[in-house]
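A.B. asks:
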Amino acid sequence: MTSADALPPLRSRLRSLRTAPFGADPAGERMERIRRSPHFADGVFQNPAGARTRPSGSTLELMKVYFRKEERRRRTPAAPVPLHATTLADLAGPPATGLRLTWMGHSSVLAEIDGRRVLFDPVWGERCSPFDFVGPKRLHPVPVPLASLGPLDVVVISHDHYDHLDMPTIRALAGTRTVFAVPLGVGAHLERWGVPAGQVHELDWNETVKVAGLRLTATPARHFCGRGLRNRQHTLWASWAVAGPEHRIYHSGDTGYFDGFRDIGAEHGPFDATMIQIGAYSEYWPDIHMTPAEGMRAHLDLQGGPAGGPMLPIHWGTFNLAPHPWSEPAEGTVTASEEAGARIALPRPGEPFEPGAEALPTAPWWRAVAVGQGPGRPGGGLPAAPGRKVGPGRVADTGEPETAPAM
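The structure is reproduced here in structure tokens:
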């Protein structure tokens, strides 16, 4: 038997080692649809602007920064994170303004919009990892049990990294009648975990699906995909614009800053609220995650200026995914909002708020449990890596360390 003859069985054996949390690769008609996408070229999905998805600079220096004792201490809260204590009671009645957001931690947000309920990037698992014994672990409990949330009209997934697409959570939702809206290719994971194909809508960028009277549009983002060491870019990543009869909201997923935010805002905004990623950045991996200053810049682009609905900072506080101090994303967002004159909401995990209300949650609750973290600096207080400037137009990413190893 030749070495070529041995390759298919070897590939089959390697695939068999991929346990359920790794998900499934797109195949068949799903893969054919991916190949027909205008955003798929040279065998992979392409970003709307050039983006490096692997850490740059010295790996040794990065490891020194990441594992240095004092640095590690600052990346976790010094005391239990204060959760909102009455979430379920507060959600029992409808929002007075027709729109209410509840940040559950990281990028998970329950949006009640025009009588419908949308859950973005639900992660109720203890670790964002394919393993239950290693990988980034929760820094605070989930504010409420998933089963207590009640019926959902649609679950929206931004991309397939472990801190956004969580197998235990999806399996818990699979037995409900909940509809899923996901980027191209992500449906393969869901189907492996028991979600009926008829409950999954897979969208390319700028495609729209109507669910329960809502229009959900997958909009471009600057990121990458994968749940293993080999990142083949066969599942798409997206941000999302959701429009009801009266309100519009935007969820960024994970993304680096790019000029496309202006186009998204012009096409789908202005928004009654934006949910913007502002954490897990580092100068060692540019282009894929935004600093707080860049997140605010994206918000202003989406809204056409500081007027309009507020920004809810997401993708921070729940998992330790990057070298920056735990509270730095929140402090940087406060600084950026003050400089821009823009409204922000800073709820504790589980604290519902209505973006249209006169008063928003703005108390700096994290300062009581942060480790020696003073007020943030523009851009999240990032030190510049040797030979690199971090400023407008430069972004950062957790890259592969953000997730568990992917193939």
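For the record, in the sequence shown the residue sitting at position 127 is 335 according to the working numbering, with numbers rising by one throughout.
Ideal Cβ placement from N, Cα and C applies to all residues, glycine included.
1. Determine, using beta carbons only, whether Pro-256 and Gly-468 come nearer to each other than 8 angstroms.
2. Would Leu-424 be called buried (16 or more neighbouring beta carbons within 10 Å of its own) or exposed?
3. For the stretch 434-503, which segments carrying the alpha helix (DSSP H) assignment without a break, of at least 4 residues, lie completely within its bounds, in sequence order?
4. Whole angstroms are fine: how far does the CA of Ala-293 sit from the CA of Gly-558?
5. When the Cβ atoms of the stretch 274-281 are set against those of the stretch 446-455, are three or more pairs found closer than 8 angstroms?
6. For Asp-233, which residues from the same chain have a beta carbon less than 7 angstroms from its beta carbon, with the 5 sequence-adjacent residues on both sides left out?
7. Ordered along the chain, which non-local residues of its own chain (more than five positions away) have a Cβ less than 7 angstroms from that of Ser-245?
8. Buried or exposed: Gly-464, going by 16 or more other Cβ atoms within 10 Å of its Cβ?
9. Please list, in chain order, all residues of the same chain as Leu-510 whose beta carbon is under 7 angstroms from its beta carbon, the five residues on each side excluded.
10. How would you call Leu-508, buried or exposed, if buried means at least 16 neighbouring beta carbons within 10 angstroms?
11. So the candidates are Arg-238, Gly-406, Phe-253, Ala-567; which of them puts its Cα closest to the Cα of Phe-432?
12. On the CB-based measure, 16 or more other CB atoms within 10 Å of its CB, does Leu-268 come out buried or exposed?
13. DSSP state of His-409, grouped into three classes?
14. Can you grab the Cα-Cα spacing for the pair Leu-568 / Ala-553, in whole Å?
15. Judging by CA-CA distance, which residue of Leu-357, Val-387, Ile-486 is the nearest neighbour of Met-498?
16. Name the DSSP bridge partner or partners of Leu-309?
17. Assuming contact is defined by CB atoms lying nearer than 8 angstroms, are Pro-404 and Thr-227 in contact in what I supplied?
18. Could you give the DSSP three-state label for Pro-376: helix, strand or coil?
19. Please report the distance separating the alpha-carbon of Val-326 from that of Val-419.
20. Which class does Phe-230 belong to by DSSP, given the choice of helix, strand or coil?
21. Along the chain, where does the alpha helix (DSSP H) that runs through Ile-242 open and close?
22. Is the Cβ-Cβ distance between Val-579 and Arg-281 less than 8 angstroms?
23. Given a threshold of 16 other Cβ atoms within 10 Å of its Cβ, counted over all protein chains shown, does Ala-297 qualify as buried or as exposed?
24. Mark Thr-377 as exposed unless 16 or more other C-beta atoms lie within 10 angstroms of its C-beta, in which case mark it buried.
25. Could you check the C-alpha separation between Pro-349 and Ser-356 for me, to the nearest Å?
26. When DSSP labels each residue in this structure, what does Arg-280 get in the three-state scheme?
27. Quick one: grab the DSSP three-state call for Arg-575.
28. Under 8 angstroms between C-beta atoms, does Gly-434 make it to chain D?
29. Which partner residues does Val-326 have in the DSSP bridge list?
30. By how many angstroms is the C-alpha of Gly-503 removed from the C-alpha of Val-331?
31. Can Pro-351 and Leu-529 be called in contact, C-beta distance under 8 angstroms?
32. At which residues does the beta strand (DSSP E) containing Arg-423 begin and terminate?
C.D. replies: The relevant details are as follows:
1. Cβ atoms of Pro-256 and Gly-468: closer than 8 angstroms.
2. With at least 16 other beta carbons inside 10 angstroms of its own, Leu-424 counts as buried.
3. DSSP runs (the alpha helix (DSSP H)) wholly in the stretch 434-503: 468-476.
4. Rounded to whole angstroms, the gap between the alpha carbons of Gly-558 and Ala-293 is 8 angstroms.
5. Segments in contact, no.
6. Here the set comprises Ala-396, His-442.
7. Cβ within range, chain order: Leu-392, Asp-412.
8. The residue in question, Gly-464, is buried, as its Cβ has 16 or more Cβ neighbours within 10 Å.
9. Annotation for Leu-510: Tyr-458, Phe-469, Ile-472, Gly-473, Gly-477, Phe-479, Thr-482 place their beta carbon closer than 7 angstroms to its own, counting only its chain and skipping 5 residues before and after.
10. Counting C-beta atoms within 10 angstroms of its own C-beta, Leu-508 has 16 or more neighbours from the protein chains shown and is therefore classed as buried.
11. The candidate whose alpha carbon is nearest that of Phe-432 is Phe-253.
12. Exposed, since its Cβ has fewer than 16 Cβ neighbours within 10 Å.
13. For His-409, the secondary structure class from DSSP, reduced to helix, strand or coil, is strand.
14. When the Cα atoms are used, Leu-568 and Ala-553 turn out to be separated by approximately 6 angstroms.
15. It is Ile-486.
16. Beta-bridge pairing links Leu-309 to Ala-319, Phe-561.
17. No, they are not a contact pair.
18. The answer is helix: DSSP assigns Pro-376 an H, G or I state.
19. Going by the C-alpha atoms only, they are around 10 angstroms apart.
20. Residue state, collapsed to three classes: helix.
21. Judged by DSSP secondary structure, Ile-242 falls within the alpha helix (DSSP H) whose first and last residues are 236-244.
22. Yes; because the gap between Cβ atoms is below 8 angstroms, this pair is in contact.
23. Under this definition Ala-297 is an exposed residue.
24. Result: buried.
25. Roughly 15 angstroms between the two C-alpha positions.
26. For Arg-280, the three-state secondary structure derived from DSSP is helix.
27. In the three-state reduction of the DSSP assignment, Arg-575 falls in the helix class, which pools H, G and I.
28. Chain labels in this structure do not include chain D; a single protein chain is all it has.
29. DSSP lists Ala-319, Val-362 as partners of Val-326.
30. Taken atom to atom, the span from the alpha-carbon of Val-331 to that of Gly-503 is near 22 angstroms.
31. No.
32. For Arg-423, the enclosing beta strand (DSSP E) has its first and last residue at 422-427.
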